């Protein structure tokens, strides 16, 4: 009888151990593994997002550097309007990033620019010296990136604007150089970035507007990007 009780007790103890082990697996081990997997996936996704952001930052830095070098050319330092016009048209023609270029003088008036589909005269009706895009580069000497304002023209997504100061040879500010960016190439780079299966990359501006979606052809939408 005691032998039977011993076996029963042993079986009961083993059952309790197995049940405790099962509960430990269900309530601790499996959630821990899932949490670790989620954390690893999140870390990986953040790394991809950081890499994409770094590439876009480099693209914008290259555009800023190019704008600065254009503004340092003699025709801009001397405010030679005729020479500026020809120079800007050449730069836009060979650039994959710059869509339009304009020059405003020290009083905030448009004096030259590449027009293409736009007529420059519509901007020459007033001074823009009180606008932030003018005061930041002209008064503070800093590059100004205007918040994204998407314009969808013939399959081209552009954003206004990047503005840099123009200084004479003696360091006196004589105007600003304004450029609009063609975003197609940068957006294609995001869409073609090697994402994990099921992962979607979104580029969102500071106001929450979706500029790019790696799974949706924004250019294919009837009204253009969102």
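Residue numbers (this note's numbering): -15 to 210. In this text, a Cβ means the ideal position worked out from N, Cα and C, and glycines have one as well. Keep in mind that this is a model prediction, so the values were computed, not measured.
Residue i versus residue j: straight-line alpha-carbon distance, rounded
i	j	result
residue -8	residue 4	18 Å
residue 77	residue 16	57 Å
residue 129	residue 176	25 Å
residue 26	residue 68	49 Å
residue 114	residue 62	23 Å
Whether residue i touches residue j by CB criterion (8 Å)
i	j	result
residue 95	residue 60	no
residue 20	residue 183	no
residue 150	residue 163	no
residue 18	residue 80	no
residue 111	residue 97	no
residue 170	residue 64	no
residue 185	residue 194	no
residue 56	residue 146	no
residue 148	residue 127	yes
residue 157	residue 118	no
residue 85	residue 161	yes
Collapsed DSSP secondary structure at residue i in the structure displayed
i	result
residue 162	strand
residue 50	helix
residue 177	coil
residue 153	coil
residue 145	strand
First through last residue of the alpha helix (DSSP H) which encompasses residue i
i	result
residue 187	Here residue 187 belongs to no alpha helix (DSSP H); instead the beta strand (DSSP E) covers 186 to 188.
Entirely enclosed beta strand (DSSP E) segments - the segment 90 to 125, minimum 3 residues | 94 to 97
Entirely enclosed beta strand (DSSP E) segments - the segment 19 to 90, minimum 3 residues = 82 to 89
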